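Notes follow the structure.
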Amino acid sequence: MPKRDYSLDNPAWGTRRPVIVGFLCNWCSYRAADLAGISRMGYPSTLRDIRIMCTGRLDPTFVIKALREGADGALVMGCHPGQCHYDAGNYKAMRRMALLRRTLAQFGVHPDRIQLAWASAAQGTLFTETVFKMTNAIARLGPLEWHDTIDELVPRAPAMPSAETLVEEASHG
Amino acid sequence: MDEKIGVYVCHCGHNIAGTVDVEGLSKWASTLPDVAVARDYRFMCSSLGQELVEKDIKELGLTRVVVAACSPHMHEPTFRRACERAGLNRYLFEMANIREHASWVHQHSIESATDKAKSLVSGAVRRVKELKPLEPFMVDINPTTLVVGGGIAGINAALEIANAGHAVYLLEREPSIGGHMAQFDKTFPTLDCAACILTPKMFDVGNHPNITLMTYSEVEQVDGYVGNFKVRVRQKARKINTDLCTGCGDCWEKCPAKVVDQVYEAGLGYRTAIYRPFPQAVPKYPVIDMESCIYYQKGTCKACEKFCPTGAIDFEQEDKVLELNVGNIVLATGYELFDPRRISPYGYGRLANVFTSLEFERMLNASGPTGGKVILRDGETQPKSVAIVHCVGSRDKNHNVYCSATCCMAALKFGHLVKERTGAEVYSFYIDIRTSAKNYEEFYHRLLDEGMNFVRGRVAEITDAARQPGEEGKLVVQVEDTLLGKQRRIPVDMVILMGAMEPRRDAVDTAHRFGIGCSEAGFFTEKHPKLDPVATMTDGVFIAGACQGPKDIPDSVGQGAAAAARVLTLIGQGRVEIEPVRANIDEARCSGCRICNNLCPYGAIDFIEEPGVSRVNPALCKGCGTCVAACPSQIITGQHFTFESIMAQIEGVLFDVRAGNGQSHTVEQLPLEPA
Amino acid sequence: MAKVQDQPTVKPKLALYWASSCGGCDIAVLAIQEKILDVAAAFDLVLWPCVMDFKKRDIEALADGEIDVCLFNGAIRNADNEEWAHLLRRKSKTLVAYGSCAVEGGIPGLANFTDRQQVTQFVYHDSPSTVNPAGVEPQTLTLVDEGELTLPEFWTTVQTLDQVVPVDYYLPGCPPEAKWTIAAVEAILGGKLPAPGSVIGMDVTVCDECQRKRSEKSIKHFYRPYEIIPDPEVCLLEQGLFCAGIATRAGCGALCPQVNMGCRGCYGPNEGVVDGGARLISAIASVLDADTPEAIDAILDTLPDPAGYFYRFSLPGSLMRRARLARDNGHRAAVLVTDSTRLDPHLAE
Amino acid sequence: MKQRITIDPITRLEGHGKIEVFLDERGEVANTYFQIPELRGFEVFCLGRPAEEMPRITNRICGVCPEAHHMAASKALDMLFHVEPPPAGKKLRELFYSAFYCTDHTTHFYALGGPDFVVGPDAPASQRNILGVVGKVGVEAGLKVINTRKANHEVIKIIGGRAVHPVAGLPGGMSKAINEEERQFIEKVARDNVEFAQWSLEIFDQIVLKNSVYVDLIVGDIYTQRTYYMGLVDENNHVNFYDGMVRVVDPEGNEFAKYAPQDYLENIAEHVEPYSYLKYPYLKKVGWKGIVDGKDSGMYACTPMSRLNVADGMATPKAQEAYEKYLATLGGKPVHHTLATHWARLVELLYAAERMLELATDPEITSPNVRTIPTETPTVGIGTVEAPRGTLTHHYETDERGILTKVNLIVGTTNNNAPITLSIKKAAAALIHDGIVNEGILNRVEMAFRSYDPCFSCATHSLPGQMPLEVVVHNAAGEVIDRRSQHCAL
C-alpha cells in the first residue's frame with residue numbers, strides 16, 4: 298500500500314491530514330457508509346461522520362461550526378433527489394448548501410470545501426468514491442485552520458516600521 | 018447535576034480489535050470529561066456485555082451510556098433495552114459506530130482507524146451529554162393488512178394472514194391474480210403443472226371470507242406509519258358490473274376486436290377487447306380494454322352488451338378511488354423479464370424464430386396459443402434443433418451484473434420439454450450452470466443423460482446469414498467455446514433467450530411511495546440482508562418474492578409466508594412503540610413568520626391565525642427535522658437530534674483539531690484509490 | 222421613574238463610554254429626551270465623553286467596582302479601545318454592551334471582510350482624490366523636528382466587547398430604541414436586573430412586531446429594493462425583497478418594514494441563536510421555489526452579496542468572525558474566492 | 006533612534022484627537038500638531054455591497070449626522086442609476102434634510118459652541134456644557150432646546166423611518182410618502198423652528214454682541230485666518246444645503262470656482278501626513294502648500310461662515326435679514342473670524358427653519374408619487390450635500406449589477422482639517438507664553454477648534470464619533486509638561 302503524504306498535494310499540510318466532518322442522513326448515506334464497512338471498502342480516515350435523520354435537518358450552523366472548530370471541509374450526504382425517505386428533505390438541503398457555499402465564499406472559504414453528495418443505502422461504492430473525491434479536493438486546497446485566522450486578532454507584536462523606513466517616513470513629515 | 022457517562026468499547030471479536038487499539042481507546046475515553054467509567058469487552062452485544070452496562074448503571078449510577086461498537090442500525094435497540102432494564106431512559110444512550118465506520122474501512126492503518134474511532138467516541142460522549150430522556154409513543158396496530166401484488170408470493174402472504182383470522186386486502190394491477198406463475202406450464206425440477214398447484218390457491222384467495230380481492234387496481238398514495246397506514250387505491254373501471262356478471266364468456270366470444278395479448282400470452286397469442294386473461298383467472302370477471310375496444314375508439318359496436326345475458330356490461334363505469342386503513346403492508350410486486358431487443362446481435366424481433374423464455378413458456382402451455390406444440394413462428398414446422406441461450410441480460414456488465422438465479426433451471430426444464438415433445442437436438446449455451454437448491458443438481462444430471470448439448474461460452478451473435486454449407490435457412494449461433502477454446506458456429510431452427518429477471522420498471526417510484534429503499538439494480542432493499550430479509554427500513558412495510566431480488570417459486574412462497582409471519586407478530590402485539598423523534602414548536606416564542614409552513618412533507622404544521630403561531634401535529638410529524646433547521650427564530654426543537662446535541666457532537670469529533678488542542682501528526686497509510 | 226425620589230443620598234455611579242462607535246448610541250441615550258434629566262438626577266454621572274469633560278486619570282483613580290453601571294458602546298478596533306474596555310470592566314460592577322457595535326460588531330464590523338493593508342492601500346494611495354507621490358502612510362511613530370508623534374495602530378479585525386472582557390448585559394440595536402435604554406435604567410434603579418449574561422430585549426423576532434400580512438412563503442426571484450414598489454400591506458420577503466426580520470430580535474417596533482424597507486438585522490439574532498447569518502441562510506434557502514442546482518442558482522443570482530446581507534451587523538460576533546486570513550509571505554491577507562460558487566450537482570474533485 | 010523604535014507602542018497609544026504642542030527653550034510655541042488617530046475604511050469594506058445599501062450603511066459613518074450621509078448616498082444613487090426622483094420625492098428629501106439642520110445646528114450652538122459664550126470661556130469645564138447653559142438662560146430655555154431636538158427627530162423618523170440612522174432613501178426618491186396628518190405635524194414643528202431660530206438669534210444678540218469682550222474676541226487676530234471658502238449654492242448663488250453647485254471664493258471674496266459636484270476630482274485633492282490618519286483636502290488648482298493660509302495655499306474652509314462667504318445671500322426673507330445684519334456687523338464679506346461661525350450657524354438655522362416651513366406647506370409634498378424606478382444600467386454616481394460641517398461628497402462606481410467596485414468619500418469635517426490645524430496653531434502661538442498653560446488658555450485654544458464643530462466620526466469615517474481631544478504640551482527637551490483632555494461635545 299502506498300503512503301499518502303498530503304504535503305505532496307499541498308505543502309501546507311506538513312504532517313497533518315485533512316479533516317472532513319460528514320453529515321449523513323440516517324436512511325441512505327449513513328447506511329451506504331455501513332455497507333462500505335460491511336464490504337470492507339477502504340477509504341481515507343479523513344471523514345468524521347455525524348448521523349442526522351435527514352439532510353433536511355442540516356442546519357447551516359453545523360457546517361459553519363465544523364469549519365470554525367478546525368475542520369478543513371464539510372461533506373453533506375443524503376438520499377438521491379426524488380428518493381428522500383421524508384419525501385423532499387434533500388431538496389431543502391440542496392437549496393441551503395447552494396446559498397451557504399455562496400455566503401462562505403465571501404468569507405474566503407473555497408466552495409469545494411463544502412460539498413453535497415448523494416448515495417442510496419445500496420451505494421457503498423459511491424460513498425467510498427465520494428470520500429476519496431472530497432479528500433482529494435481538500436488535499437489540494439490545503440488546510441483551512443480557521444483558528445489561525447481568528448487566534449491572532451490583535452497584533453501582539455505589532456507591525457512596526459523598520460528603522461530604515463521609519464527614518465524615511467519621518468523625512469516626509 | 019453533573020453527568021456520569023459510561024463508555025463501552027466492543028472488540029467485536031477481531032472485527033474491531035483487529036484494526037482499532039480497543040484497550041488504548043477505552044483508556045483514552047476514561048479521561049474524557051464526565052466519563053465515569055470506560056471499559057472494553059469482547060462482545061458488547063452478548064448477554065454478558067449487556068449485563069456489564071446494566072451493572073454499571075445500577076452500581077455506579079451512570080446517567081448516560083455510550084457503546085462504541087457497530088452501526089446503530091445493528092444494535093442500538095439492543096443496548097437501549099439494556100439501559101432500560103437497568104432503569105436508565107433508553108434515549109440517554111448513544112452508539113459510536115467504530116466498526117462499519119472505522120475498523121472495517123481503515124484496515125490499512127491501525128493508527129488511522131484508532132484516531133477515527135477516538136473522534137467518533139469523543140463525538141458520541143459530547144452528544145450523549147446533551148440528550149434528553151424521552152418516552153416513545155405507543156400506537157395501536159390496525160389488524161387489517163394490505164398485500165400488494167397477486168403473484169405466488171403475495172397470494173401466499175395473503176392466505177397465511179387470512180387463515181390466521183385477520184382481514185387482508187389483496188391488490189393486483191392486472192385483471193387477475195396469478196402473476197408469472199400462471200403463465201407457466203411446468204415447474205422445475207418436479208415438472209408438475211404450474212396451473213394445477215397454483216389454481217387452488219387462487220381459488221382460495223377469491224373465496225376467502227377474510228380476503229378482499231382488488232384486481233385491476235393500483236396504489237396511488239401511502240400516508241401514516243406502522244399500525245396506521247392510510248392507502249389511496251385506484252380501482253380501474255372494468256366496465257363490468259361484477260354483481261351481475263357470471264363469467265359465462267358470451268361477451269368475449271362475440272367481441273369483434275382481436276388484439277395481440279402482450280401480457281399474459283407474452284405477445285405470442287391473441288385476445289379480444291373484452292377479455293379474461295386466462296380460463297382459471299380469479300376473479301372470473303372479464304374487463305374491457307378501452308384502447309382496443311371498437312366502441313370506445315369508434316363509438317359504435319357494443320356487441321358484448323347486446324349478447325350479455327345478465328346485462329352486466331357497464332360502459333359508463335368509472336374508476337373508483339378508495340381509502341384503505343391498514344396496519345401493515347406486504348409488497349410482492351414481482352419482476353419483469355429482460356427485453357432481449359436490448360442485445361441486438363441476438364436478433365430478437367428481427368429473426369422470427371428467436372423467442373423469449375416467456376414466449377416459450379406460453380408455447381409449452383397446453384392452454385397456450387399453440388396448444389402446447391413446440392413449433393416455429395410459421396405455425397407448423399417443428400424445430401429439429403433448438404438453442405437455449407443463458408444469461409441474456411444477466412451476469413453482464415452492460416446490463417445486469419447479478420445472476421437471475423432461476424434461468425439455468427428453467428433452461429434445463431425447456432431442454433427436457435423440447436426433447437420430450439420434438440426430439441430435437443438441444444444446445445445450451447451457458448457460462449456456469451447454477452443448480453444450487455434441493456434436487457436441482459439431480460435435474461441437471463438427468464438432462465445430461467438425456468443428451469442435451471452444453472456449450473460453455475457467451476453467445477456473440479445469432480444470425481441467419483449462411484457462411485458455410487448446412488447453414489442455409491438456419492439460425493447460426495456464433496460462440497466461443499471456452500472449453501474447446503475455439504470459435505463455433507452452430508446452426509439451429511429455433512433459439513430461446515433466457516432473459517434476466519429485472520425489477521419492475523416503476524420499482525423506484527413504488528419504493529419511494531412506500532418509503533422504502535431500492536438496491537442499485539432497483540430491487541427493494543431489505544432491513545438486513547441476512548437477519549431481516551423481509552422487513553424494510555420502514556416499520557410495517559414488508560417485502561416478499563422477486564421484488565426483493567431474483568427468486569424461484571419455492572423461495573417466493575417461503576418469503577410470502579415469512580412476511581405474513583412478521584405481520585402476524587405485530588398484529589399479535591396489538592400495540593407498537595414509535596420513536597419520539599418529533600419536532601416541537603415553542604409557541605410562546607413563535608413570531609409567525611411562516612417560513613416552516615410549507616416545508617413539511619406531511620402537512621404536520623398548521624398556522625393558527627389567532628394568536629398567529631405555527632403548531633406541529635405530532636401524529637403527522639415524522640421527525641425529519643426540516644422545519645427545525647429552517648426556523649429563523651430557532652424555536653423549533655428536534656427531539657433527540659437537538660441543535661445542542663449536534664453542535665456538541667461536532668466539537669466532539671473535532672476534539673484534536675480544535676484551537677489549542679494541537680494537531681494529530683499522522684501521515685496515514687492509504688489503500689490504492691479505485692481505478 | 223418614580224424610584225428617582227426614593228434613591229439613597231449616595232447616588233449610584235453611572236458611566237457611558239464609546240469605543241469604536243459612530244456616536245449614534247450617545248444620541249440614542251439623549252433620545253430618552255426629558256428622562257435624561259431623571260437620569261442625571263438619579264445617577265452620579267462619572268463618565269460620558271460626548272457630553273461632559275472627563276479625564277482618564279479620574280477613572281483610573283476610582284476603586285475597582287466603584288462604578289455601578291457602565292453603558293459601553295462601540296466595537297473594539299484598536300489597543301486604546303481594548304485598554305478602555307479593561308479599565309471600565311475593572312471599575313464597573315455591571316458592564317453593559319450597549320448597541321450593535323459593542324454587542325456584535327455592527328456596521329464597522331464589515332471591515333472584517335477585508336484587512337488593514339487593503340484599507341490603507343486604498344485610502345492613502347489608490348483613492349482617486351488622494352495625491353501622495355511620496356507614498357506616505359500614517360505611522361504609529363513619527364519623528365518630527367520638535368520630537369515624536371504617535372498614533373494608535375488600528376487592527377485588521379474588529380472585535381465585540383465580550384471578545385475582550387466579560388460582559389454582564391447586552392442591549393442591542395443600531396441604535397437601541399429609547400424604550401430599552403429606559404427599561405435598562407429602570408431595571409438598574411429598581412435592582413430588577415435579569416440574570417447576568419442576558420440580553421435586555423425581547424425573545425421573539427421582528428415578524429412579531431411587523432404589521433404586514435404573512436402567508437406561506439415561496440420565493441421565485443429576489444428583487445432589489447429599487448426595482449419594485451412593494452405592496453405596503455404584504456410581507457416584504459414574500460414580495461421577493463430581502464428582509465432579515467424573520468431572524469432578527471424584535472424590539473425596534475419593525476420600523477424599517479413600516480417604511481417599505483426590509484430589515485437588515487441591527488438588533489442581532491434571536492435569543493439563543495448562535496449564528497444569525499446561518500439562520501437566514503437556512504430559512505431563506507428553504508423556501509426557494511427550485512429543486513435543481515441550476516434553478517436554485519438562477520434564483521440566488523438575484524440575491525447578490527449574501528454575506529453582506531446576512532452578517533450586515535453581526536460579522537465580528539458571528540461564528541466565523543471575519544473573512545479568512547491566509548499567510549501571504551509574511552503578512553496575513555484577507556482571502557478572496559474567485560471560483561464559481563454555483564452548486565455543482567457532481568462532487569468537485 | 007533605535008531605542009525609540011523598540012518602544013512598544015501599545016503602551017503609548019491614545020485614542021483621542023490629539024494636539025501636540027512643542028515649546029522651544031524660551032517656552033514659546035515651536036510648533037503644534039493636530040492628529041486624528043483612527044481610520045475605519047468604509048471605502049474598502051463597502052466594496053462588493055449592492056450600491057442601494059449605501060444610504061443604510063454610510064449613515065453609520067456618523068451617528069451625529071447620519072442624515073447627511075443618507076442624503077449624499079441617495080443622491081449618488083440617483084446619478085449612479087441614471088434616475089431623477091419625482092418632484093415630491095425630491096421635496097420630501099429636502100424637507101427631511103431641513104429638519105435635520107434645525108436639530109443639528111441647535112445641538113451645536115447650545116451644547117457645544119454656546120457654552121463658551123453663554124457661560125464664558127473662563128468658566129470651569131464642569132459648567133461649560135448644556136447644563137451650564139440651562140443654568141444661565143433658564144430651565145424653560147433648556148426645555149425649548151430639548152423639545153426642538155425631540156420634535157425634529159420625530160420629523161426625521163416620520164420621513165426617514167428612524168430617528169437615528171434613517172432608511173427611506175433609495176435611488177429615484179424615497180421609500181414612503183407622507184400623509185396629510187403627518188404633514189400637519191411637520192408644519193407645526195417647522196413654525197416652532199422659525200420662532201426658535203429667531204429667539205436664538207435674539208439670545209446671541211443679548212449675550213454675545215452686547216458684550217464687547219466677546220466681540221473683541223471674535224474679531225481679534227487670534228481667531229482670524231484668511232483662507233479659501235467653499236459651499237453649495239443654488240442658481241441664485243443663495244445658500245443651499247440639499248442641492249446646487251459648489252462655489253469657492255478666494256480670501257478676497259472673489260469667486261474662484263463654481264463647479265458641479267460631479268467634477269470634484271478636478272477641483273479637490275487630498276494630502277497625506279504620516280502623523281495623522283486624516284487626510285488634508287486642498288484646492289487642486291492652487292496646490293498644497295502646507296498648513297498656511299493666504300491666496301497661494303490651497304487650504305479652504307467649509308463651515309457655516311464659509312457658506313455665508315461664498316453665497317450672495319439667503320433664499321428666505323427672515324434669514325436674508327439676519328444675513329445682512331451679520332455682514333454689516335462684521336464688516337462685509339468675506340468674514341475671516343472663525344468664531345463668527347457660531348453666529349453664521351444661527352443664520353443658517355433660521356434659513357433651514359424657513360425652508361422647512363415652505364416645503365411642509367407645499368401642496369405637492371403629500372403626493373404618493375415619491376419614487377421613480379430606475380431602468381438603466383448603473384455606472385458612476387457622485388452625490389453631494391452641504392453637511393453642517395462641510396461639503397459632503399459620496400462617489401460610487403459599480404459593475405452592471407450595481408455591485409460597488411469603487412467608493413470614495415470626502416466628508417464634512419475632513420475639508421476643514423487644514424484650517425482647524427492652522428487655527429489651533431495660531432491660537433496656541435498667541436496664547437501660550439513662557440511655558441504657561443492653564444485651563445482658560447487651553448479652552449481658548451479649543452474654542453478655535455470647536456467653532457468648526459468638527460465631527461471626526463465623519464472625518465476619519467472613524468470611531469469614536471466626537472473625539473475627545475487631548476492637548477499635550479512638550480518642553481524643549483520633549484518632556485510632557487502638561488496634558489489636558491477636553492472633548493468636543495455634541
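For the record, the sequence lines run as chains A, B, C and D. Quick note on the working numbering: the first sequence kicks off at 298 and runs consecutively. Quick note on the working numbering: the second sequence kicks off at 18 and runs consecutively. Quick note on the working numbering: the third sequence kicks off at 222 and runs consecutively. Quick note on the working numbering: the fourth sequence kicks off at 6 and runs consecutively. By construction, the Cβ of each residue, glycine as well, lies at the ideal position given by its N, Cα and C atoms. Just so you know, these numbers come straight off a predicted model, no measurement behind them.
Open item on the list: Within 10 Å of its beta-carbon, does residue 548 of chain B have 16 or more other beta-carbons around it, so buried, or fewer, so exposed?
Closed with: By the Cβ-count criterion, residue 548 of chain B is exposed, with fewer than 16 other Cβ atoms from all chains shown falling within 10 Å of its own Cβ.
Task: Contacts of residue 280 of chain D in chain C (Cβ-Cβ under 8 Å) - done: Contact note: residue 280 of chain D reaches chain C through 359, 360, 363, 365, 370 and 372, using a C-beta cutoff of 8 Å and chain order.
Open item on the list: Excluding the 5 residues flanking residue 184 of chain B on each side, which residues of the same chain have their C-beta closer than 6 Å to its C-beta?
Closed with: Excluding sequence neighbours, residue 184 of chain B sits near 161 and 227.
- [ ] Check whether the stretch 54–66 of chain B touches the stretch 21–28 of chain B, taking contact to mean three or more Cβ pairs, one atom from each stretch, closer than 8 Å.
- [x] Taking 8 Å as the limit for Cβ pairs, the verdict is that the stretch 21–28 of chain B does touch the stretch 54–66 of chain B.
Task: Reduced DSSP secondary structure (H/G/I, E/B, other) of residue 330 of chain A - done: Under the three-state reduction of DSSP, residue 330 of chain A is assigned to helix.
- [ ] For my contact list, residue 489 of chain C and residue 464 of chain C are in at a C-beta cut-off of 8 Å; report their separation, rounded to the angstrom.
- [x] Taking C-beta atoms under 8 Å as the contact rule, residue 489 of chain C and residue 464 of chain C fail to qualify, at a distance of about 15 Å.
Open item on the list: Please report the distance separating the alpha-carbon of residue 196 of chain D from that of residue 380 of chain D.
Closed with: For residue 196 of chain D and residue 380 of chain D, the distance between alpha carbons rounds to 39 Å.
- [ ] Go ahead and label residue 108 of chain D buried or exposed: buried means 16 or more other beta carbons lie within 10 angstroms of its beta carbon, across all protein chains shown.
- [x] A residue is called buried when at least 16 other Cβ atoms come within 10 angstroms of its Cβ; residue 108 of chain D meets this threshold and is buried.
Task: Beta-carbon proximity check, residue 346 of chain B vs residue 558 of chain B, cutoff 8 Å - done: The Cβ-Cβ distance between residue 346 of chain B and residue 558 of chain B falls below 8 Å.
Task: Partner residues on chain A for residue 666 of chain B, Cβ-Cβ distance less than 7 Å - done: Residues of chain A with a Cβ closer than 7 Å to the Cβ of residue 666 of chain B are, in chain order, 347.
TODO: Taking C-beta pairs closer than 8 Å, name the residues in chain A that residue 284 of chain C reaches, listed in chain order.
DONE: When 8 Å is used as the limit between beta carbons, residue 284 of chain C is near no residue of chain A, the shortest such separation being about 28 Å.
Task: Cβ shell of residue 510 of chain C (< 7 Å), same chain only, five flanking positions each side left out - done: Cβ neighbours of residue 510 of chain C beyond the five flanking positions: 439, 440 and 441.
TODO: Using DSSP bridges, identify the partner residues of residue 631 of chain B.
DONE: In the DSSP output, where bridge partners are listed per residue, residue 631 of chain B has B:624.
Task: Pick from B:240, B:382, B:565 and B:460 that is closest to residue 621 of chain B, judged by C-alpha positions - done: Considering only alpha carbons, the answer is B:240.
TODO: Count the other CB atoms, across all protein chains shown, that sit within 10 Å of the CB of residue 416 of chain A; report buried if there are 16 or more and exposed otherwise.
DONE: Classification of residue 416 of chain A: buried, given that the 10 Å Cβ count is 16 or more.
TODO: Please classify residue 554 of chain B: is it buried, with 16 or more other beta-carbons within 10 angstroms of its beta-carbon, or exposed?
DONE: Looking at its Cβ environment, which holds 16 or more other Cβ atoms inside 10 Å, residue 554 of chain B is buried.
- [ ] Name, going along the chain, the residues of the stretch 391–418 of chain B whose beta-carbon falls closer than 7 Å to a beta-carbon of chain C.
- [x] Listed by position along the chain: nothing, the set is empty.
- [ ] Using a Cβ cut-off of 8 Å, pull out every chain C residue sitting near residue 407 of chain A, in sequence order please.
- [x] Near residue 407 of chain A (Cβ distances below 8 Å), the residues of chain C are 558 and 560.
- [ ] May I ask you to report which of helix, strand or coil DSSP gives residue 374 of chain B?
- [x] Residue 374 of chain B carries a helical assignment under DSSP once its states are collapsed to helix, strand and coil.
Task: C-alpha distance - residue 422 of chain A paired with residue 535 of chain B, whole-angstrom precision - done: Roughly 15 Å between the two C-alpha positions.
Task: residue 772 of chain B burial status per 10 Å Cβ neighbour count (16 or more: buried) - done: Nothing about residue 772 of chain B can be reported from this structure: the residues present for chain B run from 18 to 692 only.
Open item on the list: What does the alpha-carbon distance come out to for the pair residue 628 of chain B and residue 359 of chain A?
Closed with: Pairing residue 628 of chain B with residue 359 of chain A, the inter-Cα distance amounts to about 32 Å.
TODO: Pick helix, strand or coil for residue 400 of chain D, following the three-state DSSP scheme.
DONE: Residue 400 of chain D: strand per DSSP, three-state reduction.
Task: Element boundaries [alpha helix (DSSP H), containing residue 259 of chain C] - done: Per DSSP, residue 259 of chain C belongs to the alpha helix (DSSP H) from 256–263.
TODO: Give me whichever residues DSSP pairs with residue 497 of chain B in a beta bridge.
DONE: Beta-bridge pairing links residue 497 of chain B to B:504.
Open item on the list: Going by DSSP in three states, residue 39 of chain D sits in which element: helix, strand or coil?
Closed with: Residue 39 of chain D: strand per DSSP, three-state reduction.
Open item on the list: Please classify residue 631 of chain B as buried or exposed, where buried requires at least 16 other C-beta atoms within 10 Å of its C-beta.
Closed with: By the 16-neighbour rule on beta-carbons within 10 angstroms, residue 631 of chain B is buried.
TODO: State yes or no: is the beta carbon of residue 143 of chain B nearer than 8 Å to at least one beta carbon in chain A?
DONE: So no, residue 143 of chain B is outside the interface.
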